[in-house]
Amino acid sequence: MPRPMPAVITLALLVALLALPGPLPAARAEGAGKPSPAAGEWKRDWLVPGGPFRGIHGLAVGADGLVYVGSVMGQATYRVDPKDGRTELFIGAPEGMADDLEFAADGTLYFTGFMHGTLSARTPDGAIHVLASGLPGTNSLALDGRGRLFATQVFSGDALYEIDRSGKAKPRLIQRDLGGLNGFDFGPDGRLCGPLWFRKQVVCLDVDRNRMEVVADGFEIPAAANFDPKGELHAIDNVTGEIFRIDRAHHRKTRIATAPTGLDNLTFAPDGRLFVTNMPDNALYEIDRKTGAVRTVVGSPLTLPGGIARAENTLYVADTFAFSAVDLGTGAVRDVSRDGDVSEAPSIVAASAIHLATASLHRQSVLLWDRATERPIARWSELGQPSAIALAPGPGPRIAVATADGRLLELDPAKPEERRELARDLALPMGIARTARGWLVAEAKAGRLIELADDGSRRVVASDLGHPEGIAILEDGRIAVAETAGDRVTLVDSETGRKQTIATGLPLATLDLPGMPPGIFPTGLAAGEDGALLLSSDVEGGVLRLRKGDEP
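The C-terminal position of the sequence shown is numbered 777 in this note's numbering, with every residue numbered one higher than the one before it.
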């Protein structure tokens, strides 16, 4: 389905966050993201503009009436004015990573660092305190009526804990193997109520007696539940986009609205307004509970673009929370798949006239797609961490995939059990492309391009590159390279290795992700039929276009 366009973003907003063309992380050079003299004859614009978030999840309404939202992949917390969508950074990366968050009465904000395995608190004076650590997959949290703090592990664990708000005592285990207790809340009767992600139920739990009651079932994937100011329980379904009111006494649910699929969490303002986050659309919605109307407070066409690949007039984007396609003529974005169980959180993509291939860092898997139907037709798992991908020429679809541990593998759907090793000991291969002699590989860690010939020989094409990632072979034989350590694009002569920088100060290379090799999140690069170069920007969440000065 088409993506909603983002709400109007003011210049004041852009000064405050990672948006087009807003400020970048502190480690980045001042002026990054602006055209530079080194760009020469190449002009730059956005094929797909960015947005303020790199995926948003938990949310809470503050005493100031603003909606505070957390991002895991963006490793930051933001606050949004629900009237006009104006957004500003509240807690920067990496300390601000938040999968869920909640305010205490004294104004302290508690939040979970899913990939950090932490639960932290930001006190009203701005200080941040880590209250618990060593809990991978720390997901959701809530305060009960007595002020006790509870949190769960989901996906990288499955447990409920009570957390000492002073941070002095270790977390106290309440219960394990709940079935994925995701976004939860405490009700007027003192019980914890929330969804069991893997059991398709919403339950209420007495945390002192460990007594659980199923109050609603029949969901596809219940993602979160929360009480409104009147004490009525509401829940959202991640897969269907449905929002329900739950009658706990009679174990019934009533649909009150349907939003775009991919919902993550919800919260209520003191006046009863309902807000919901959506991952594929990078959006915050306000839901009218009387009419079912869905208003986009803020959102963006893409969320966290990684690898990109062009086929004819379409640019395919591995957008982490969705698999997307961009019309190169208009810049319009549509979904190939926004169902995470289908697309498997894609981070890289390859395209040919007939097939598509995607791979996921998080799922450690590769999918082969029929381009005509845009449905997966083959799958491989347990591949480590795929870092680059290409479709090999020749009879039948074959996939070349590089992995973070330095291997280059060939996958053939006709022989799904075989994983032919083409090369090993590569230094973080982040880009691959087929040449007449073999495979061209961008070794990010070694800062070079090498050609792996089909006869087994290796040739260094170019060296002294700054973490080369996405590559594309141009019609004139030169190689376009995204150098993320230098925030630039360079053209390399494939025979002599001579380099020409055509654009600098580009918004490339987001912060490293906990638990993953440094520099592993990909920057994609593709060449258009018109000679334009296209780059994904994980920093700003869009697709950048570079065109020669004499092009329209």
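Don't be surprised by glycine CBs; every beta carbon is placed ideally from N, CA and C.
Candidates the options, of which the one nearest residue i by Cα
| i | options | result |
| --- | --- | --- |
| Arg713 | Gly310, Leu769, Pro274, Pro571 | Leu769 |
| Glu676 | Thr660, Leu272, Ala669, Leu360 | Thr660 |
| Leu861 | Cys429, Ser761, Trp594, Val666 | Since the first residue of the chain shown is 226 and the last is 777, residue 861 is not available in this structure. |
| Pro742 | Gly609, Asp679, Ser682, Gly756 | Gly609 |
| Val379 | Arg371, Thr583, Gly317, Asp324 | Asp324 |
| Pro361 | Thr348, Tyr386, Leu374 | Tyr386 |
| Leu771 | Ile727, Val764, Asp737, Asp763 | Ile727 |
| Asp331 | Val294, Asp289, Val355, Asp306 | Asp289 |
| Ala494 | Pro396, Arg588, Phe409, Val286 | Val286 |
| Ser682 | Lys670, Leu665, Gly691 | Leu665 |
| Ala543 | Gly443, Ala570, Glu765, Ser381 | Ala570 |
Rounded C-alpha distance that separates residue i from residue j
| i | j | result |
| --- | --- | --- |
| Glu313 | Leu488 | 22 Å |
| Asp630 | Gly672 | 16 Å |
| Ala710 | Pro693 | 8 Å |
| Glu779 | Ile745 | Since the first residue of the chain shown is 226 and the last is 777, residue 779 is not available in this structure. |
| Pro641 | Thr492 | 45 Å |
| Glu467 | Glu445 | 10 Å |
| Pro447 | Gly280 | 19 Å |
| Glu457 | Arg470 | 7 Å |
| Pro622 | Leu593 | 9 Å |
| Asn407 | Ala474 | 22 Å |
| Gly814 | Ile698 | Residue coverage of the chain in this structure runs from 226 to 777, which leaves residue 814 outside it and unanswerable. |
| Arg604 | Ile696 | 25 Å |
| Arg632 | Asp680 | 17 Å |
| Asp689 | Pro654 | 15 Å |
| Ala301 | Arg723 | 40 Å |
| Leu398 | Phe375 | 10 Å |
| Gly256 | His354 | Confidence in Gly256 is poor, its pLDDT being 33 and thus under 50, which makes the residue's placement unreliable; the coordinate value appears in the next sentence. Whole-angstrom Cα-Cα distance: 32 Å. |
| Pro307 | Tyr510 | 9 Å |
| Gly767 | Lys670 | 25 Å |
| Val432 | Asp414 | 12 Å |
Opening and closing residue of the alpha helix (DSSP H) in which residue i lies
| i | result |
| --- | --- |
| Val567 | 565-568 |
Beta-bridge partners of residue i, as assigned by DSSP
| i | result |
| --- | --- |
| Asp410 | Cys418 |
| Val522 | Beta-bridge pairing links Val522 to no other residue. |
| Thr337 | Leu344 |
| Asn503 | Leu488, Ala508 |
| Leu581 | Ala576, Trp594 |
| Pro693 | Glu708 |
| Gln725 | Leu716 |
| His354 | Ala346 |
| Lys773 | Trp267 |
| Met437 | Leu430 |
| Arg684 | Glu676 |
| Ala329 | The partner list for Ala329 (beta bridge, DSSP) is empty, contrary to what the question assumes. |
| Asp650 | In DSSP, Asp650 forms no bridge with anything. |
| Gly656 | Ala667 |
| Asp560 | Ser549 |
Where the beta strand (DSSP E) containing residue i begins and where it ends
| i | result |
| --- | --- |
| Asn364 | 363-368 |
| Pro495 | Pro495 -> no beta strand (DSSP E), and no H or E assigned at all. |
| Val286 | 284-286 |
| Lys478 | 477-483 |
| Ala292 | Per the sequence presented here, residue 292 reads as Val, with Ala not at that position. Element bounds for Val292: 292-296. |
| Phe452 | 447-452 |
| Gln400 | 397-401 |
| Pro601 | 600-605 |
Heavy atom of the ligand NAD within 7 Å of residue i beta-carbon
| i | result |
| --- | --- |
| Val297 | No copy of the ligand NAD occurs in the structure displayed, which carries no ligand at all. |
**OP:** Decide yes or no for the touch test of the region 567-578 against the region 527-542: beta carbon pairs closer than 8 Å, at least 3 of them.
**Re:** yes
Original post:
How do the region 749-757 and the region 702-717 stand: do at least 3 beta-carbon pairs fall below 8 Å, yes or no?
Top reply: yes
Original post:
Three or more beta-carbon pairs under 8 Å between the region 266-277 and the region 509-526, yes or no?
Top reply: yes
Original post:
For the 8 Å Cβ check, are there 3 or more pairs between the region 305-323 and the region 558-569?
Top reply: no
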